[in-house]
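Have a look at the structure below, then the notes.
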Amino acid sequence: DQQVKQNSPSLSVQEGRISILNCDYTNSMFDYFLWYKKYPAEGPTFLISISSIKDKNEDGRFTVFLNKSAKHLSLHIVPSQPGDSAVYFCAAPRGGSNYKLTFGKGTLLTVNP
Amino acid sequence: DTGVSQDPRHKITKRGQNVTFRCDPISEHNRLYWYRQTLGQGPEFLTYFQNEAQLEKSRLLSDRFSAERPKGSFSTLEIQRTEQGDSAMYLCASSLNQGSNIQYFGAGTRLSVL
Chain A
1 DQQVKQNSPS LSVQEGRISI LNCDYTNSMF DYFLWYKKYP AEGPTFLISI
51 SSIKDKNEDG RFTVFLNKSA KHLSLHIVPS QPGDSAVYFC AAPRGGSNYK
101 LTFGKGTLLT VNP
Chain B
1001 DTGVSQDPRH KITKRGQNVT FRCDPISEHN RLYWYRQTLG QGPEFLTYFQ
1051 NEAQLEKSRL LSDRFSAERP KGSFSTLEIQ RTEQGDSAMY LCASSLNQGS
1101 NIQYFGAGTR LSVL
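Protein chains in written order, with our numbering: chain A, 1 to 113; chain B, 1001 to 1114.
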């Protein structure tokens, strides 16, 4: 079963605009979430994380929002840059454990100049 | 600070052959993970080491798969009698044994079984 879901396989935005990537989860035991970015032929790179005790975490152009009641989180990138074009994965340590990550299927973001 | 390195980057093999992949984690990281990623999917957990101890194996890891981390440093993942369904990207990650759940990934080994 897909406990972490990214329902949008792709997203295209113009340079300078906001990119919003969404992630839903079903396991209420998840208490920590991570976003990874992946370029072709490279491994996933950690981007930003959020603990369930917060509803927002910000790092430069990247902000993650968590809505626990809706079991939903989103990654905002503003302003978007062409170098942000990559696949973005939402992930959570599974079942309350703090090691194995469960990933969504990813969203391919394309930022057009 | 060198990151996680994996070798080889690409492996093409014939069905039925054995293959072995190597992962060198970030030097001070005592946790090491293997994941598998297929097209259109996110990485899926395979197995996990804390130092030299293999603490968990996924159901995805059939008895043809074996992983070792003999001295708590580098790790190897061996697949025996490869099948076409084993074709995937095999990713290694490492992390510190602290509260942070951040795992740092290598570039992966892409396996193609013909």
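We treat Cβ as the ideally placed atom computed from N, Cα and C, and that holds for glycine.
Going straight from the alpha carbon of residue i to that of residue j, what length do you get?
i, j, result
"B/S1058", "A/T110", "33 Å"
"A/P79", "A/V13", "10 Å"
"B/H1029", "B/S1005", "13 Å"
"B/D1063", "B/G1042", "23 Å"
"A/F33", "A/P9", "19 Å"
Going by DSSP in three states, residue i sits in which element: helix, strand or coil?
i, result
"B/Q1054", "strand"
"B/D1086", "helix"
"B/V1019", "strand"
"B/L1046", "strand"
"A/Q14", "strand"
"A/V4", "strand"
"B/E1068", "strand"
Against residue i, what residues of chain B qualify as contacts under a CB-to-CB distance less than 7 Å, listed in chain order?
i, result
"A/G16", "By Cβ distance, chain B contributes nothing, its closest Cβ being about 29 Å from A/G16, past 7 Å."
"A/F103", "G1042, P1043"
Below 8 Å on C-beta distance, what does residue i contact in chain A?
i, result
"B/Y1104", "F46"
Mind checking if residue i is an interface residue toward chain C, Cβ cutoff 8 Å exclusive?
i, result
"A/A86", "Annotation note: the requested chain C is absent from the structure, which comprises protein chains A and B."
So with CB distances below 9 Å, who are the chain A contacts of residue i?
i, result
"B/R1031", "Y99"
Practice task
Could you pull out every unbroken beta strand (DSSP E) segment of at least 3 residues lying fully inside the stretch 65–111 of chain A, listed in chain order?
Solution key: For the stretch 65–111 of chain A, whole beta strand (DSSP E) runs of length 3 or above, ordered along the chain, are 72–77, 86–93, 101–103.
Practice task
Would you check if the stretch 1092–1106 of chain B and the stretch 1020–1036 of chain B touch, i.e. whether three or more CB-CB distances between them fall below 8 Å?
Solution key: As far as the Cβ criterion goes, the stretch 1020–1036 of chain B touches the stretch 1092–1106 of chain B, which means the pair count is three or higher.
Problem - Segment contact flag, the stretch 1006–1018 of chain B with the stretch 1029–1044 of chain B, C-beta cutoff 8 Å, min 3 pairs - result: Segments in contact, no.
Practice task
Please determine if the stretch 100–109 of chain A and the stretch 1–20 of chain A are in contact, where contact requires at least 3 C-beta pairs separated by less than 8 Å.
Solution key: A contact exists between the stretch 100–109 of chain A and the stretch 1–20 of chain A.
Exercise for the section: Could you tell me whether the stretch 18–26 of chain A touches the stretch 57–76 of chain A, where touching means 3 or more Cβ pairs closer than 8 Å? Expected result: Flag = yes, the stretch 18–26 of chain A and the stretch 57–76 of chain A touch.
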